[in-house]
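Number of protein chains: 2
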Amino acid sequence: MRDFLPSEKTRRERVLAVIRDRYRAHGFDEIETPVMEDHARLHAGIGGDNEKLAFNILKRGLDADAVRDAAEDQGALSDLGLRYDLTVPLARFYATHRAQLPTVFRSLQMAPVWRAERPQKGRYRQFVQSDIDVIGDASFRAEAELITATLDAIDALGLPGVTVRINDRRILDSLLDHFGFAVEERPGVLITIDKLDKIGPAGVAAELRDRGVTPAAVDGFEAYLSALAPAATFAGDAIRAVLPEGVGAEGVENLLAIAEAVGAGRDSAPFEFDPFLVRGMGYYTGTIFELAHPSVGYSLGGGGRYDGMIGRFLGQDVPAVGFSIGFERIVDLLEQDDSDAAPAVVLVHDKDVAVATLVALKTALVSEGVRVRLEQRTKNLKSLLERAAADGYTSFATVSAGARREDLELKPLG
Amino acid sequence: MRDFLPSEKTRRERVLAVIRDRYRAHGFDEIETPVMEDHARLHAGIGGDNEKLAFNILKRGLDADAVRDAAEDQGALSDLGLRYDLTVPLARFYATHRAQLPTVFRSLQMAPVWRAERPQKGRYRQFVQSDIDVIGDASFRAEAELITATLDAIDALGLPGVTVRINDRRILDSLLDHFGFAVEERPGVLITIDKLDKIGPAGVAAELRDRGVTPAAVDGFEAYLSALAPAATFAGDAIRAVLPEGVGAEGVENLLAIAEAVGAGRDSAPFEFDPFLVRGMGYYTGTIFELAHPSVGYSLGGGGRYDGMIGRFLGQDVPAVGFSIGFERIVDLLEQDDSDAAPAVVLVHDKDVAVATLVALKTALVSEGVRVRLEQRTKNLKSLLERAAADGYTSFATVSAGARREDLELKPLG
Numbered sequence: 001m002r003d004f005l006p007s008e009k010t011r012r013e014r015v016l017a018v019i020r021d022r023y024r025a026h027g028f029d030e031i032e033t034p035v036m037e038d039h040a041r042l043h044a045g046i047g048g049d050n051e052k053l054a055f056n057i058l059k060r061g062l063d064a065d066a067v068r069d070a071a072e073d074q075g076a077l078s079d080l081g082l083r084y085d086l087t088v089p090l091a092r093f094y095a096t097h098r099a100q101l102p103t104v105f106r107s108l109q110m111a112p113v114w115r116a117e118r119p120q121k122g123r124y125r126q127f128v129q130s131d132i133d134v135i136g137d138a139s140f141r142a143e144a145e146l147i148t149a150t151l152d153a154i155d156a157l158g159l160p161g162v163t164v165r166i167n168d169r170r171i172l173d174s175l176l177d178h179f180g181f182a183v184e185e186r187p188g189v190l191i192t193i194d195k196l197d198k199i200g201p202a203g204v205a206a207e208l209r210d211r212g213v214t215p216a217a218v219d220g221f222e223a224y225l226s227a228l229a230p231a232a233t234f235a236g237d238a239i240r241a242v243l244p245e246g247v248g249a250e251g252v253e254n255l256l257a258i259a260e261a262v263g264a265g266r267d268s269a270p271f272e273f274d275p276f277l278v279r280g281m282g283y284y285t286g287t288i289f290e291l292a293h294p295s296v297g298y299s300l301g302g303g304g305r306y307d308g309m310i311g312r313f314l315g316q317d318v319p320a321v322g323f324s325i326g327f328e329r330i331v332d333l334l335e336q337d338d339s340d341a342a343p344a345v346v347l348v349h350d351k352d353v354a355v356a357t358l359v360a361l362k363t364a365l366v367s368e369g370v371r372v373r374l375e376q377r378t379k380n381l382k383s384l385l386e387r388a389a390a391d392g393y394t395s396f397a398t399v400s401a402g403a404r405r406e407d408l409e410l411k412p413l414g
Numbered sequence: 415m416r417d418f419l420p421s422e423k424t425r426r427e428r429v430l431a432v433i434r435d436r437y438r439a440h441g442f443d444e445i446e447t448p449v450m451e452d453h454a455r456l457h458a459g460i461g462g463d464n465e466k467l468a469f470n471i472l473k474r475g476l477d478a479d480a481v482r483d484a485a486e487d488q489g490a491l492s493d494l495g496l497r498y499d500l501t502v503p504l505a506r507f508y509a510t511h512r513a514q515l516p517t518v519f520r521s522l523q524m525a526p527v528w529r530a531e532r533p534q535k536g537r538y539r540q541f542v543q544s545d546i547d548v549i550g551d552a553s554f555r556a557e558a559e560l561i562t563a564t565l566d567a568i569d570a571l572g573l574p575g576v577t578v579r580i581n582d583r584r585i586l587d588s589l590l591d592h593f594g595f596a597v598e599e600r601p602g603v604l605i606t607i608d609k610l611d612k613i614g615p616a617g618v619a620a621e622l623r624d625r626g627v628t629p630a631a632v633d634g635f636e637a638y639l640s641a642l643a644p645a646a647t648f649a650g651d652a653i654r655a656v657l658p659e660g661v662g663a664e665g666v667e668n669l670l671a672i673a674e675a676v677g678a679g680r681d682s683a684p685f686e687f688d689p690f691l692v693r694g695m696g697y698y699t700g701t702i703f704e705l706a707h708p709s710v711g712y713s714l715g716g717g718g719r720y721d722g723m724i725g726r727f728l729g730q731d732v733p734a735v736g737f738s739i740g741f742e743r744i745v746d747l748l749e750q751d752d753s754d755a756a757p758a759v760v761l762v763h764d765k766d767v768a769v770a771t772l773v774a775l776k777t778a779l780v781s782e783g784v785r786v787r788l789e790q791r792t793k794n795l796k797s798l799l800e801r802a803a804a805d806g807y808t809s810f811a812t813v814s815a816g817a818r819r820e821d822l823e824l825k826p827l828g
């Protein structure tokens, strides 16, 4: 877990403000839920592997006997936990407040989540997620709105060149069906296929054989993978050419419709078809997508349709689709851009200048829209000004006793 | 703990943005710390009564024996806890990062804290605190900056009429000295004096007698309290007239200097001297103050000087003074003001309108600076539009198949 010093905190708040502004413009309504959820809800199987990484809150008021009794089943020590994602809280929120929400609810959440990860580069135990979700719309209009809004936010952040890698779980299902993988083998097969980028076709085939899945299916699938060339364009013919004849027709039509709709609102709709995009969560049912950027090997975000999941809380099926952007990764990518246009002035004063004079000058500048820091002169004025410049201050002025606003001579810093 | 629906969340983010903008203009630098701190640090005696209200995190990887061994001393079940204030994390942050911070560090924190309070009106288990602190400035310049910045923020929020009730722990000490309370009695005496507003002079005297403090001191103090009239103005003569001759001279000079400095930067510096303002925390050493508003009986914030406390983490004395505004109370006070000037349009469409048409219209409006929500027409159009109006939408337009931007006829909502 990290402390954020002022310059980093400023950058983070600026990125959050841009994302919030863009998503809000696209009709997404921000909500907030408490950081803690019921222990049982966090461990209901929706969170996948993340459930194991939850921080649990020690139950209050346990007596010694209760602790002893909980030695073999520690679940009794905890009734609350910190959320590890924003999807479980959203499902609970929607089930609780549905009557007060629009029929199609476009949710925005930007908030921290916690996972007890082992410390490693780029993994944090507390990190911000930025999720938008459309609940209550079964049509591809929802995907088109999510992707359009996210591309607009990414544009506004100044990250040109992103692409949307997209697939549909129904295409994957149809593909596995085509090669004859048994239904009960498929969850494991998908886990292996997800590694294709890293281990290649031969690696996938070897791992599938290790898993002991239907040999004929593996043989056919390996031959197909080895002969494959990616779709040259995001057009129906090119996409269909990548897939065996007749595979995933419904999913392909859906992807083309999404791309057409997104393209109607933007100069560029940078889609890329990836029939082997899996995305790990078990709850996806349709479209799945990831945001890629040429400068990094990992995705900058992703999401998909999860029509069955909200229903588990509500006892009634509700279609839903979400897009989570990797806030921390985006902040890291933007790290170089630390510009802040607002004028900011350091007022350097000697010890004998009256505090009333300083406050009067400071508030006069503040009311002109300037950010102001007071600094009592030290022997090392240079280092004092260098630090101020690093903190985003753009100019300084020396204050003498009794000075007025018109006496201040602003000089540029650095 | 509360969920925030869109209209409430929007209001909260707006208030946060105003406070952030004003404090930043006044030279305060925002920082952020993780929500969890070491259990030992949270229970080191700085947090006062709040320490008992901390949510503790269950240690991970405990085996059954370790749980059994912890039955009598549950401290071993937890190595982390959720912060219950922003002062303990600030002290730890400052001790860690001092070398990278300016000599006088003006900190801003706006973040949630957690306390296991019993549910009651106006008390929440998760709530946002908004703290500014000046670390490294022993002079009253720090108080003047804190109070000036906070009054500016309150003005910007649109809450006219606040006053700053102010006192100095040194005045209280001098007063208790004057009446002959023994040094070891004083912490208890202060707790009782803090109730003066509620129980009056007779109540205070009775409680002090119950506490068994020096009878002659109580008699003298009761007579003083009963004869007392508040200071008519915030001027030296009026303030000194409230206090027994010679009591608290140093503290009074300090308060007058603060008020003069704040007054130099503002048309009105609404100070009110309260010699019985105590504020609960044990760590205060000098100036203490609270923000009062005529519409409510509780304070909207407060703070004071705590010169000894940071030193406990650093092994070296560092002066510090802070002002915490009651974010939740301010949001509640502002609840009526839900205005949002930004234009926001609902596009009502039939099912047969192409999604590409909808996305094109939506993005055209978004690029004009408009917030847009798509709504498929329902039988009850009126209720749909009423909900949109409640969510801050200001107009609507009906979309027919193939419509372009110039075909849209915007009509005001509500």
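Protein chains in written order, with my numbering: chain A, 1 to 414; chain B, 415 to 828. Every residue, glycine too, gets a C-beta built ideally from N, C-alpha and C.
Checklist entry - Is it right to say G626(B) is buried, meaning 16 or more other beta carbons lie within 10 angstroms of its own, or is it exposed? => result Its Cβ having fewer than 16 others within 10 Å, G626(B) is exposed.
Checklist entry - For S395(A), which residues from the same chain have a beta carbon less than 8 angstroms from its beta carbon, with the 5 sequence-adjacent residues on both sides left out? => result The answer, listed in chain order, is P343, A344, V345, V346, L410, K411, P412, L413.
Checklist entry - Using a beta-carbon distance below 9 angstroms, is K379(A) in contact with chain B? => result When Cβ-Cβ separations below 9 angstroms define contact, K379(A) makes no contact with chain B.
Checklist entry - CA-CA distance, V113(A) and P658(B)? => result Distance between the alpha carbons of V113(A) and P658(B): 56 angstroms.
Checklist entry - Cβ of A217(A) within 9 angstroms of Cβ of G180(A)? => result Contact flag set, yes.
Checklist entry - Under 9 angstroms between the Cβ atoms of Q514(B) and D545(B)? => result Cβ distance not < 9 angstroms, so Q514(B) and D545(B) don't count as in contact.
Checklist entry - Can you tell me the Cα-Cα spacing of V429(B) and V745(B), whole angstroms? => result A straight line joining the alpha-carbon of V429(B) with that of V745(B) spans about 7 angstroms.
Next on the checklist: Using a Cβ-Cβ distance cut-off of 9 angstroms, determine whether R520(B) contacts chain A.
Outcome noted: It does: the Cβ of R520(B) has a partner Cβ on chain A nearer than 9 angstroms.
Checklist entry - If you follow the alpha helix (DSSP H) that N254(A) is part of, which residue opens it and which one closes it? => result In the DSSP assignment, N254(A) falls within the alpha helix (DSSP H) that extends over 249-265.
Item to check | Where the alpha helix (DSSP H) containing P187(A) begins and where it ends | outcome: Annotation for P187(A): the continuous alpha helix (DSSP H) segment containing it runs 186-193.
Checklist entry - Going straight from the alpha carbon of I171(A) to that of D21(A), what length do you get? => result CA-CA distance, I171(A) to D21(A), rounds to 35 angstroms.
Item to check | Cβ pair L832(B), L476(B) closer than 9 angstroms | outcome: Since the first residue shown for chain B is 415 and the last is 828, residue 832(B) is missing from the structure and cannot be characterised.
Item to check | Unbroken beta strand (DSSP E) run spanning A44(A), endpoints | outcome: It is not in any beta strand (DSSP E) - A44(A) carries neither H nor E in the DSSP assignment.
Item to check | DSSP bridge partner residues for T287(A) (one or two, in chain order) | outcome: Under DSSP, T287(A) takes part in a beta bridge, and its partners are D168(A).
Checklist entry - If you draw a straight line from the C-alpha of S7(A) to the C-alpha of L334(A), how long is it? => result The alpha-carbon of S7(A) is positioned some 13 angstroms away from that of L334(A).
Checklist entry - Looking only at its own chain, which residues have a Cβ that is under 8 angstroms from the Cβ of G894(B), when we skip the five neighbours before and after it? => result Summary: the structure shown does not reach residue 894(B), with chain B confined to residues 415 through 828, and so no result is reported for it.
Checklist entry - Can you tell which of A768(B), Y498(B), F418(B), G441(B) has the C-alpha that lies nearest to the C-alpha of R373(A)? => result Selected option, being the one with the closest Cα: G441(B).
Checklist entry - Based on the DSSP output, what are the partners of P448(B) in its beta bridges? => result Note: P448(B) sits in no beta bridge, so no partner.
Checklist entry - Cβ atoms of E32(A) and A144(A): under 9 angstroms apart, would you say? => result In terms of Cβ geometry, A144(A) and E32(A) do not form a close pair [threshold 9 angstroms].
Checklist entry - Taking the C-alpha atoms as reference points, what is the distance between G236(A) and K765(B)? => result Their Cα atoms are separated by approximately 25 angstroms.
Next on the checklist: DSSP three-state label for K411(A), please.
Outcome noted: Note: K411(A) maps to strand in three-state DSSP.
Item to check | Interface positions of the region 51-62 of chain A facing chain B (Cβ-Cβ less than 8 angstroms), listed along the chain | outcome: Listed by position, the residues of the region 51-62 of chain A near chain B (Cβ gap below 8 angstroms) are F55, N56, I57, L58, R60, L62.
Checklist entry - Pick from L146(A), F273(A), R266(A): whose alpha carbon is nearest that of G430(A)? => result It is not possible to answer for residue 430(A), since the shown part of chain A is limited to 1 through 414.
Checklist entry - According to DSSP, what are the bridge partners of R787(B)? => result DSSP links R787(B) through a beta bridge to V760(B).
Item to check | Three-state class that DSSP yields for E686(B) in the structure shown | outcome: In this structure, E686(B) counts as strand in the three-state DSSP scheme.
Next on the checklist: So R482(B) contacts chain A; which residues on that side make the cut at Cβ distance below 7 angstroms?
Outcome noted: Against chain A, a Cβ distance below 7 angstroms from R482(B) picks out R68, A71.
Next on the checklist: Can you look up T363(A) in the DSSP assignment and give me helix, strand or coil?
Outcome noted: Look at T363(A) here: in three-state DSSP terms it is helix.
Next on the checklist: If I measure Cβ to Cβ from M36(A) and keep anything under 7 angstroms in the same chain, skipping five residues before and after, which residues do I get?
Outcome noted: Contacts found: I57, L80, G81, L82.
Item to check | E636(B) versus G711(B) - alpha carbon distance | outcome: Approximately 25 angstroms, taken between the alpha carbons.
Item to check | Short CB-CB distance (under 9 angstroms) between D443(B) and chain A | outcome: Contacts with chain A at 9 angstroms (Cβ-Cβ) include D443(B).
Item to check | Own chain residues within Cβ distance below 6 angstroms of G662(B), not counting five before or after | outcome: I585, S588, listed in sequence order.
Checklist entry - Since P89(A) contacts M415(B) with CB under 8 angstroms, what's their CB separation in whole angstroms? => result Separation of the CB atoms of P89(A) and M415(B) is rounded to 11 angstroms, and the pair is thereby denied contact status at 8 angstroms.
Item to check | 8 angstroms contact criterion, which E30(A) and E427(B) should meet: CB distance rounded | outcome: For a cut-off of 8 angstroms, the C-beta gap from E30(A) to E427(B) is around 7 angstroms, short enough to register as a contact.
Checklist entry - How long is the line joining the alpha carbons of I193(A) and L225(A), rounded to whole angstroms? => result Looking at the two C-alpha atoms, the distance is approximately 11 angstroms.
Checklist entry - How many angstroms separate the CA atom of G575(B) from the CA atom of P708(B)? => result C-alpha separation (whole angstroms): 7 angstroms.
Checklist entry - What residues from the region 126-149 of chain A come within 8 angstroms of chain B, judged by C-beta to C-beta, listed N to C? => result Taking 8 angstroms as the upper bound on Cβ-Cβ separation, chain B lies near residues Q126, S139, F140, R141, A144, E145, T148 of the region 126-149 of chain A.
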